[in-house]
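A.B. asks: My questions all concern the structure below.
Residue numbers (the UniProt record's numbering), protein chains in the order written: chain B, 1 to 459; chain A, 1 to 459.
Quick look at the structure:
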């Protein structure tokens, strides 16, 4: 039966009412969250807190995103790419106290540097505590998000049935993660090298490399972590990086004998690599610990109003809001080392979707964004760090708190985050042998307490 | 039936192939130029030079844009807004030698500072010389430009018949001008003031103000021009501005007795205004010479890939190319005082449409744009000058020349442009009493030659 004209008009009116929801400070009717990792779960929790209807679209059969361990490295049982980079023996590089969701702490007495598997269990426990899983639609791989003038069309592939489905969303939160597009730089002679070449995202277990000669390229968190782990089991661990100031010349760690520090790579040979100091090392395996690029193929379309390339996602107000269509927000494109930023951006998104505050005009948001981009360069950030929050995270939190009435983040979180980085550089091999405890908004306690972890979350 | 993944992938490939048309150096099949003013005509000329099919969409019945004099101030015979700001007695504020289209000079011996009406005739003569008018479609007011995935849909209103028509374009050049959206700032008590209030865009003839008490607000080109003109006929000419350094304290001109210099306006009263120095002046008429804001309502849609507000048009590569959909360019959103920039941007657009060069990747264009925006702030530009070319126009020209193989702009044009500005500030009431002649790429001659203009163009 065809609907009558009257029905259509009534439907249209309701529809139009809905589409102007935000400017009238009416809550969004259907919030769509892309991704059920740390950021997506944080967002779901606040959407629920703010009383909104929401659904989380998750490509895999699991929550937890990059924190879930999967022995497979490339694709899952449905042939879809795997977005997890966990490995055995991973331990967090910051105390859980600064990685927790707001108001959902690890129990007192827990080991401060949790194992990856324990942190994953923490995510599961959080999702259960807030009863979020029933709002997650699994095996729904988002392919396309398009603004239709009044609402978003979100198109996803049901990976188990190969069906393509489109749903309407009044509000979209992109929380698909920063760690799903491995970046491998190009070096001269790369094609000549005959050994195994891989990216850290496919690293699963240190035991796989016992007795081998391994070259680790890169000095970021994964390069440092893999380099130090692998040196305990490999016959030779060559670590090429340019963070000399941080851990070669300044208080160098007592690495195992197998560890060899090298400057940047100059060129490959069939059996190994030559470095900037013109020395050569022969190796069996090369592991690129060279990080990730943005990957938002479902937005590579003009109608989202967002320009997304491998290095840039813009223009975003407060590093969260799509300035061209503010019914879309992003949680976690800030390349942050301060996990609380994700929780704050999640709450800010929910407050916006709930109509709890009004955004400035598009012109004013653009000015704010351009000023921020300029400030970042003044502070010494790279041009590709345009989505960074900047050095003053607390000022950022304070701005968002004042604008949207959301959580206030006490100073102690930043103090502990910063101390942890300093402590790690000072004592790279042992900085995790401490427990921390938040005592007040300005104070934390530290206790030397090396021990085996007993994960407090059982799932 | 739902499309299969394979169908989507095939469709996507076709889409990418089409959208990459330009990078394959194939000329655009149909170029649409919006506006037949200075920038639109310059663009048309190069599209013709490069052998492309093109059409110019012009809202009025005339070419010449803001250079045409029209006694009406608001709307034309079809009720459409008038985009012309000419007034009687206007003379160019730069020598024609630096305002001419490349290779189409005023005849030797012409007065260097042409009247507005003569410069308008020059535009007509240029259009006739290059036989451009037959490619102009008049009374076609562009309402909407939208990327359809493979080409642009350009929708315009036929102002004489009220029909709305949509045409396909492979390439769009936006040349609709910077001077069609008058900006009036807000001052305290504005609503109390009982006299006449207007914007300089409606100023037509100095004689309309004879014997009146006039307040001119603003110290840009129109404020300076109207202030000095009006002081000769008004009983009182109050000029409020903040360019003291330029023409109050440094070599102040010998203004007529009626001229009164004032700092910024503090607040209005029913009969006049109080200024920052707490003095009061009673006036009959207030003329805001406060410039223009961007006005690109036909792009206020996500699908153009351009964010256009009253202060920002972005992101543009080389201040010309729509980074998100590089089959669209902009000529003349650079807030320039150096007219040759428009001619260069026009040729750059044509070279791009003709496939004469390849653009960098979207990611690289964004980096270039962000670096440029940062550089502008370093150079002291305002945040709203994000589309400016910067202080080093010659470097800009050189970059475009190298990238696109277009015209080289000799140093002499910049030297003459800069000297003219200095000379105007030094001798505001008489700087137009000189003739200039370009002698070589590095040299020009100046001759004091005050005289009545005989316009060399007869139309």
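C-beta: ideal position from N, C-alpha, C; glycine also.
Compare the C-beta of residue 377 (chain B) with all C-beta atoms of chain A and state if any pair is closer than 9 Å.
C.D. replies: Here residue 377 (chain B) refers to the residue found at position 377 of the first chain. For residue 377 (chain B), the answer is yes, since a Cβ of chain A falls inside 9 Å of its Cβ.
A.B. asks: Is any beta-carbon of chain A found at less than 9 Å from that of residue 305 (chain B)?
C.D. replies: Walking along the first chain from the start, residue 305 (chain B) turns up at place 305. Answer yes: the Cβ-Cβ gap between residue 305 (chain B) and chain A drops below 9 Å somewhere.
A.B. asks: Along the segment 355-375 of chain A, where does the CB come closer than 7 Å to a CB of chain B? Name the residues.
C.D. replies: 362, 363, 366, 367, 370, 371, 373 and 374
A.B. asks: Below 9 Å between beta carbons: does that hold for residue 323 (chain A) and residue 307 (chain B)?
C.D. replies: Numbered from 1 along the second chain, position 323 holds the residue referred to as residue 323 (chain A). Numbered from 1 along the first chain, position 307 holds the residue referred to as residue 307 (chain B). Going by C-beta atoms, residue 323 (chain A) is nearer than 9 Å to residue 307 (chain B).
A.B. asks: For the alpha helix (DSSP H) that contains residue 116 (chain A), what are its first and last residues?
C.D. replies: On the second chain, position 116 is the one that residue 116 (chain A) refers to. Per DSSP, residue 116 (chain A) belongs to the alpha helix (DSSP H) from 116-129.
A.B. asks: Using 8 Å for Cβ pairs, my map puts residue 96 (chain B) next to residue 115 (chain B). What's the rounded Cβ distance?
C.D. replies: Your numbering for residue 96 (chain B) matches position 96 in the first chain. Your numbering for residue 115 (chain B) matches position 115 in the first chain. Not quite, the Cβ-Cβ distance comes to about 11 Å (not below 8 Å), so this is no contact.
A.B. asks: Which one of A:379, A:288 and A:330 has the shortest CA to CA distance from residue 295 (chain A)?
C.D. replies: Stepping through the second chain from its first residue, residue 295 (chain A) is reached at position 295. Residue 295 (chain A) has its Cα closest to that of A:330, out of A:379, A:288 and A:330.
A.B. asks: Using 8 Å as the Cβ pair cut-off and three pairs as the minimum, do the segment 309-318 of chain A and the segment 352-369 of chain B touch?
C.D. replies: As far as the Cβ criterion goes, the segment 309-318 of chain A touches the segment 352-369 of chain B, which means the pair count is three or higher.
A.B. asks: Spell out whether any CB of chain A is found under 9 Å from the CB atom of residue 386 (chain B).
C.D. replies: Within the first chain, numbered from 1, the residue matching residue 386 (chain B) stands at position 386. At least one chain A Cβ lies under 9 Å of residue 386 (chain B).
A.B. asks: Hey, does residue 23 (chain A) have any beta-carbon neighbour from chain B nearer than 9 Å?
C.D. replies: For the purposes of this step, residue 23 (chain A) is identified with residue 23 of the second chain, where counting begins at 1. Note that residue 23 (chain A) scores a pLDDT of 41, beneath 50, so its modelled location is shaky; the value from the coordinates is reported in the next line. No - not a single Cβ of chain B is within 9 Å of the one on residue 23 (chain A).
A.B. asks: How would you write the range of the alpha helix (DSSP H) that residue 227 (chain A) sits in, first residue to last?
C.D. replies: Locating residue 227 (chain A) in the second chain gives position 227, where the first residue counts as 1. 221-230 is the span of the alpha helix (DSSP H), which, as asked, contains residue 227 (chain A).
A.B. asks: Please report whether the beta-carbon of residue 314 (chain B) lies at a distance below 9 Å from any beta-carbon of chain A.
C.D. replies: Locating residue 314 (chain B) in the first chain gives position 314, counting from the first residue. Chain A contact via Cβ: present.
A.B. asks: With distance defined between alpha-carbon atoms, name the residue in B:427, B:123, B:210 and B:415 nearest to residue 66 (chain B).
C.D. replies: For the purposes of this step, residue 66 (chain B) is taken as the residue at position 66 of the first chain. Considering only alpha carbons, the answer is B:123.
A.B. asks: Find the residues of chain A that neighbour residue 324 (chain B), judging by a C-beta separation of less than 7 Å, and give them in chain order.
C.D. replies: To locate residue 324 (chain B), count along the first chain from 1; it is residue 324. Chain A residues near residue 324 (chain B): 302 and 307.
A.B. asks: Given a cut-off of 9 Å on the beta-carbon distance, is the pair residue 198 (chain B) and residue 287 (chain B) in contact?
C.D. replies: Here residue 198 (chain B) is taken as the residue at index 198 of the first chain, counted from 1. Here residue 287 (chain B) is taken as the residue at index 287 of the first chain, counted from 1. Against a cut-off of 9 Å, the Cβ pair of residue 287 (chain B) and residue 198 (chain B) comes out as a contact.
A.B. asks: Please classify residue 172 (chain B) as buried or exposed, where buried requires at least 16 neighbouring CB atoms within 10 angstroms.
C.D. replies: Residue numbering aside, residue 172 (chain B) sits at position 172 when the first chain is read from its first letter. Buried.
A.B. asks: Please determine if the segment 36-50 of chain A and the segment 155-175 of chain A are in contact, where contact requires at least 3 C-beta pairs separated by less than 8 Å.
C.D. replies: The segment 36-50 of chain A vs the segment 155-175 of chain A: in contact.
A.B. asks: Since residue 356 (chain B) and residue 405 (chain B) are thought to touch, with beta carbons under 8 Å apart, how far apart are those beta carbons, to the nearest angstrom?
C.D. replies: By 1-based counting over the first chain, the position of residue 356 (chain B) is 356. By 1-based counting over the first chain, the position of residue 405 (chain B) is 405. At roughly 6 Å, the Cβ-Cβ gap stays under 8 Å, so residue 356 (chain B) and residue 405 (chain B) are in contact.
A.B. asks: Residues of the segment 396-423 of chain B in Cβ contact with chain A at a cutoff of 7 Å, in chain order, please.
C.D. replies: Answer set for the segment 396-423 of chain B: empty.
A.B. asks: Of the residues that make up the segment 129-151 of chain B, which ones have a beta carbon closer than 8 Å to any beta carbon in chain A?
C.D. replies: 143 and 147
A.B. asks: 9 Å is my cut-off, CB to CB: does residue 184 (chain A) come that close to chain B?
C.D. replies: The sequence position of residue 184 (chain A) within the second chain is 184, counting from 1. The Cβ of residue 184 (chain A) sits no closer than 9 Å to any Cβ of chain B.
A.B. asks: With the cut-off set at 9 Å, would you say residue 209 (chain B) and residue 233 (chain B) are in Cβ contact?
C.D. replies: Taking the first residue of the first chain as 1, we reach residue 209 (chain B) at position 209. Taking the first residue of the first chain as 1, we reach residue 233 (chain B) at position 233. Cβ distance < 9 Å, so residue 209 (chain B) and residue 233 (chain B) count as in contact.
A.B. asks: Is there a Cβ of chain A sitting closer than 9 Å to that of residue 181 (chain B), yes or no?
C.D. replies: Here residue 181 (chain B) refers to the residue found at position 181 when the first chain is read from its first residue. No, its Cβ sits nowhere closer than 9 Å to a Cβ of chain A.
A.B. asks: DSSP three-state call for residue 441 (chain A): helix, strand or coil?
C.D. replies: For the purposes of this step, residue 441 (chain A) is taken as residue 441 along the second chain, with counting starting at 1. Residue 441 (chain A): coil per DSSP, three-state reduction.
A.B. asks: Taking 9 Å as the threshold (beta carbon to beta carbon), is residue 461 (chain A) in contact with chain B?
C.D. replies: Here chain A has residues from 1 to 459 only, and residue 461 (chain A) is not among them.
A.B. asks: So residue 219 (chain B) and residue 268 (chain B) are supposed to be a Cβ contact under 8 Å. How far apart are they, rounded?
C.D. replies: For the purposes of this step, residue 219 (chain B) is taken as the residue at position 219 of the first chain. For the purposes of this step, residue 268 (chain B) is taken as the residue at position 268 of the first chain. Actually they do not touch by this definition, with Cβ atoms about 19 Å apart.
A.B. asks: Could you name the residues of chain A that residue 383 (chain B) contacts, counting a contact when the two beta carbons are closer than 7 Å?
C.D. replies: Taking the first residue of the first chain as position 1, residue 383 (chain B) is located at position 383. Residues of chain A passing the Cβ test: 367, 370 and 371.
A.B. asks: Counting C-beta neighbours from all protein chains within 10 Å, is the total for residue 318 (chain A) 16 or more, i.e. buried, or is it exposed?
C.D. replies: Looking up residue 318 (chain A) in the second chain gives position 318. Buried, since its Cβ has 16 or more Cβ neighbours within 10 Å.
A.B. asks: Mapping DSSP to helix, strand and coil, what is residue 329 (chain B)?
C.D. replies: Here the question's residue 329 (chain B) lines up with position 329 in the first chain. DSSP places residue 329 (chain B) in strand when its eight states are reduced to three.
A.B. asks: So the alpha helix (DSSP H) residue 367 (chain B) belongs to, where does it begin and stop?
C.D. replies: Position 367 of the first chain, counting from 1, holds the residue named residue 367 (chain B). Where residue 367 (chain B) is concerned, the enclosing alpha helix (DSSP H) stretches over 362-378.
A.B. asks: What does the alpha-carbon distance come out to for the pair residue 348 (chain B) and residue 400 (chain B)?
C.D. replies: Counting from 1 along the first chain, the entry for residue 348 (chain B) is found at position 348. Counting from 1 along the first chain, the entry for residue 400 (chain B) is found at position 400. Their Cα atoms are separated by approximately 7 Å.
A.B. asks: Tell me whether residue 198 (chain B) sits in a helix, a strand or coil according to DSSP, three-state version.
C.D. replies: Residue numbering aside, residue 198 (chain B) sits at position 198 when the first chain is read from its first letter. DSSP places residue 198 (chain B) in strand when its eight states are reduced to three.
A.B. asks: Compute the Euclidean distance between the alpha carbons of residue 130 (chain B) and residue 45 (chain B), then round it to the nearest angstrom.
C.D. replies: The residue given as residue 130 (chain B) occupies position 130 in the first chain. The residue given as residue 45 (chain B) occupies position 45 in the first chain. Straight-line Cα distance between these residues: approximately 7 Å.
A.B. asks: Please confirm whether residue 235 (chain A) and residue 272 (chain A) have their CB atoms less than 9 Å apart.
C.D. replies: Locating residue 235 (chain A) in the second chain gives position 235, counting from the first residue. Locating residue 272 (chain A) in the second chain gives position 272, counting from the first residue. No, Cβ-Cβ distance for residue 235 (chain A) and residue 272 (chain A) is not below 9 Å.
A.B. asks: To the nearest whole angstrom, what separates the beta carbons of residue 94 (chain B) and residue 336 (chain B), a pair I think is in contact under 8 Å?
C.D. replies: Translated into positions along the first chain, residue 94 (chain B) becomes position 94. Translated into positions along the first chain, residue 336 (chain B) becomes position 336. That belief does not hold up - the Cβ atoms of residue 94 (chain B) and residue 336 (chain B) are roughly 11 Å apart, past 8 Å.
A.B. asks: Are the segment 372-381 of chain B and the segment 365-382 of chain A in contact at 8 Å, needing three or more beta carbon pairs?
C.D. replies: Enough Cβ pairs lie closer than 8 Å, so yes.
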